[in-house]
Structure formats: C-alpha cells, structure tokens
Amino acid sequence: MQWSDEHLALAKKYQKLTDIPVEERRYKCHTCNHVVESTPCPVCGETELEIMCPLDHTHCSHEIISGIDYCPLCGAPVCPECGSHDVTQISRVTGYLQDVSGWNAGKQQELKDRVRYTVA
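First residue of the sequence shown: 10, per the working numbering; consecutive thereafter.
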C-alpha cells in the first residue's frame, strides 16, 4: 500500500488512536456496523465503541488478497490494494486456516515480522 503524505503526516501526529482529540474521533460500532461520531452509538445504544483509525475508509471490495499490509498509525492489518482496515487475516497453522484476530499481541507481532519467500 502506498500511503499518501497526508496519511503519513497523521501517523506522525498521533502515535496511537487514544492521542486523537475526542472532538476529532469517529467510532466503529461492532453491534450495528455503523461509523458514528459519538459514544454511545446513537443507532443501537452500544457503549463499547472502538476508536476508528482516521486512515480507515471501511469499504474493501476485495474478497481474497494474497498479502497484507499494516496501518502506519494503528498497526492493524489493512488491504494492500485499498487500505481498508475491514479485513480478516488468516494464516495456515499446522495445516489449518485460522483467523488471527484472536491471537495475543506477541503472536500477531510474530506474524507481522515474518518474511515471505517465493521459490522459483
């Protein structure tokens, strides 16, 4: 993913999502799947909202991609083609495909650090 200068400037300005001022935040509601401006969610009343990364545009039309990139601001996996944070990353572990969202932080970092090779 080629991040624009504007995106990279945001990543430098905010070291983590909680550094974003409350008045500039947007939230993702995982109960009703809406992006909202305040908490609690005005649509369903959910109080446990996730601060939305300002680099996330939430709409990925790609069903399957072979690689993954990571957001320079929040570190979440993103689609390398469009930059959307709404991706499910899977990995083959001992012969089984598995969603990695339930892995602990150390195991997810290990996955990010892996070097992939192609054999010609």
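Every residue, glycine too, gets a C-beta built ideally from N, C-alpha and C.
For A85, same chain residues with a beta-carbon under 6 Å away, outside a window of 5 residues either side, are H94 in chain order. With respect to the 8 Å criterion, D78 and M10 are classified as neighbours on the basis of their beta carbons. Under the Cβ criterion (8 Å, minimum of three pairs), the region 27 to 47 counts as touching the region 55 to 64. According to the DSSP secondary-structure assignment, V45 is paired through a beta bridge with Y36. If you draw a 10 Å sphere on the C-beta of V31, you find fewer than 16 other C-beta atoms in it, and that means exposed. The criterion of a C-beta distance shorter than 8 Å is satisfied by C62 and C83. Counted as a single uninterrupted DSSP element, the beta strand (DSSP E) harbouring D108 occupies residues 105 to 108. Around the Cβ of Q107, a 10 Å sphere holds fewer than 16 other Cβ atoms; the residue is exposed. For G115, the enclosing alpha helix (DSSP H) stretches over residues 114 to 122. In the structure shown, the three-state DSSP call for D14 is helix.
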